[in-house]
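Here the working numbering is used: the first residue of the sequence shown is 50, the next is one more, and so on.
Remarks on the structure that follows.
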Amino acid sequence: MVALITKYSPGNLDDIIIALSVTAPVIVFFNLQLRLLQALDSQNAHRFRDFITLRLIAQCFSLGLLAIWAFVFNSNLSLAICLMVIAASRAFYSIGETFYGEQQKFERMGGIASSMAMKGALSLTCFSYFLIVKSDLYSALAAWAAIHFITLAFDVKQTLALGISTKELLPTSTLKSMAKLVKNGFPLGVSGLLISLQINIPNYALMSSEYKDEVGIFGALLFLTTIGRKIIESGVRATGPRLSNILVEGRIQRFRQLRFRLCMLSASLGIAGLLAALFWGESLLSILYTNAFVPYLPVLLWVIGGETLNFASLALEHALSAGKKFDAQLRSIVSSVLTLVAASWCLIPNYGVLGAAWAVVLGGSARLLATIILTRNFDDKK
Numbered sequence: 050m051v052a053l054i055t056k057y058s059p060g061n062l063d064d065i066i067i068a069l070s071v072t073a074p075v076i077v078f079f080n081l082q083l084r085l086l087q088a089l090d091s092q093n094a095h096r097f098r099d100f101i102t103l104r105l106i107a108q109c110f111s112l113g114l115l116a117i118w119a120f121v122f123n124s125n126l127s128l129a130i131c132l133m134v135i136a137a138s139r140a141f142y143s144i145g146e147t148f149y150g151e152q153q154k155f156e157r158m159g160g161i162a163s164s165m166a167m168k169g170a171l172s173l174t175c176f177s178y179f180l181i182v183k184s185d186l187y188s189a190l191a192a193w194a195a196i197h198f199i200t201l202a203f204d205v206k207q208t209l210a211l212g213i214s215t216k217e218l219l220p221t222s223t224l225k226s227m228a229k230l231v232k233n234g235f236p237l238g239v240s241g242l243l244i245s246l247q248i249n250i251p252n253y254a255l256m257s258s259e260y261k262d263e264v265g266i267f268g269a270l271l272f273l274t275t276i277g278r279k280i281i282e283s284g285v286r287a288t289g290p291r292l293s294n295i296l297v298e299g300r301i302q303r304f305r306q307l308r309f310r311l312c313m314l315s316a317s318l319g320i321a322g323l324l325a326a327l328f329w330g331e332s333l334l335s336i337l338y339t340n341a342f343v344p345y346l347p348v349l350l351w352v353i354g355g356e357t358l359n360f361a362s363l364a365l366e367h368a369l370s371a372g373k374k375f376d377a378q379l380r381s382i383v384s385s386v387l388t389l390v391a392a393s394w395c396l397i398p399n400y401g402v403l404g405a406a407w408a409v410v411l412g413g414s415a416r417l418l419a420t421i422i423l424t425r426n427f428d429d430k431k
């Protein structure tokens, strides 16, 4: 989508990048990482209806807060429209993750893969049609959001195939159950918020600097790394229930072996991306975006290097979550965010987008170091 906007609606690139950067932390925080809690609920302490009820309430709050920001504290109508449509789409996807979490708990990853592929293909096709043929960005965004809403029907069908009754899918729950979920999910929600901030802090810093005209370019480069991040997230989520069950069975050595493999595979994917960018980066930037992005290849290389460190950290953090150390992710992310803020404040005013890329590397280094320390502490207690 970002690539298409750079080619067919370049004047709106900054609005899209800012809208994506602003909506992400809010939506992610109110997710409370419920999918993780749901997938790792091996003792069935909560019912599906508890998760779906809390998810719906939380997303109403997130959309309300974003609407206040868009129409009260922002004077750019184009940005406000982009922001609210993107927020609605992300809210629909968040609701769909409730069905993903239930399937993931039973290690039924095929339905999740089919749903994600369907949403990706259909939303991109509709978005492309309205953007390229109709030359209407707002209609393209609306179509993108509509596809995420319509395909929820497929997620419901896949979840019913697990043997869950239709009645169980209805959003009804008790205050006590939801309060317990909020208590468990709040630290994860804060860590998710910080993860999203970690990704977007350089964008925020650029927005408030003399290099604000390059926020769209840097954001577009940064979004290329989401390809690897999505693959890593899918992998670690798929292994979460397995790792949790192995720990419950007391097979500590097996747990450590799988954790090591997961970490190495995650880092290897980042290294592969770095090599691809090193050898074919100019051609890729020219094809995916435009020739205007080619001079920014060094920025892309630094960004991928920093994200490679984040990939390895993400694998270790999910292994700690499988061990019920839900606060570990929060601790590692805090160290990364603080480092990123300090680095962005020092580097971006002097070096612009290149300084933002260096900040990503320093933030990733701090996160990986903190995660390694937390992992060693976890192993010592075992």
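Positions of the beta carbon are idealized from the N, C-alpha and C atoms, including for glycine.
Determine the DSSP secondary structure at residue i, reduced to helix, strand or coil.
i    : result
P220 : coil
H95  : coil
E259 : coil
M313 : helix
F155 : coil
R300 : coil
L323 : helix
L173 : helix
N125 : coil
G160 : helix
S58  : coil
K374 : coil
A166 : helix
Y338 : coil
M50  : coil
G212 : coil
T288 : helix
S240 : helix
Q82  : coil
T72  : helix
L89  : coil
T147 : helix
D185 : coil
T388 : helix
T275 : helix
T200 : coil
Here's a check: name, in chain order, each residue in its chain whose Cβ is nearer than 7 Å to the Cβ of residue i, leaving out the five neighbours to either side.
i    : result
N359 : G413 and R416
L114 : V75
G354 : L323 and V410
C434 : Residue 434 is absent from the structure shown; the chain starts at 50 and stops at 431.
I106 : none
I320 : T357
L318 : G277, I280, I281 and F360
T424 : L365 and L369
Cβ-heavy atom distance between residue i and the ligand SAH below 7 Å?
i    : result
L219 : In the structure shown, the ligand SAH is absent, as is every other ligand, since no ligand is present at all.
Spatial neighbours of residue i within its chain, please: CB distance less than 8 Å, with the 5 preceding and 5 following residues excluded, ordered by chain position.
i    : result
G289 : L85, A88, L89, Q153, H367, S370 and A371
I213 : F97 and E151
S226 : H95, R96 and D99
F78  : S111, G238, V239, G241, L242 and S245
L171 : I196 and T200
G330 : L346, L349 and L350
C175 : A189, A192, W193, A195 and I196
Within the same chain, show all residues whose beta-carbon is closer than 6 Å to that of residue i, passing over the 5 residues directly before and after it, in chain order.
i    : result
S315 : I281, F360, A361 and A364
G145 : L201 and D204
L296 : F304 and G372
L350 : A326
Y57  : L180 and I181
S385 : Q247, G412, A415 and R416
A254 : S393 and I397
Y260 : G401
Please decide whether residue i counts as near chain D, where near means a Cβ-Cβ distance under 8 Å.
i    : result
V297 : The structure shown has no chain D; it contains just one protein chain.
- prompt: Three or more C-beta pairs closer than 8 Å, one from the stretch 391 to 410 and one from the stretch 255 to 272: is that the case here?
  reply: These segments touch.
message: Is it the case that the stretch 219 to 227 contacts the stretch 179 to 191, given that we only count it when at least three CB pairs across the two stretches are under 8 Å?
response: no
query: Does the count of Cβ pairs from the stretch 386 to 399 and the stretch 324 to 340 closer than 8 Å reach three?
result: no
query: So does the stretch 126 to 135 actually touch the stretch 52 to 69, counting three or more Cβ pairs closer than 8 Å?
result: Three or more Cβ pairs closer than 8 Å define a contact, and the stretch 126 to 135 meets that threshold against the stretch 52 to 69.
- prompt: Are the stretch 90 to 109 and the stretch 50 to 64 touching, with three or more C-beta to C-beta distances below 8 Å?
  reply: Between the stretch 90 to 109 and the stretch 50 to 64, the count of C-beta pairs closer than 8 Å stays below three; the two stretches do not touch.
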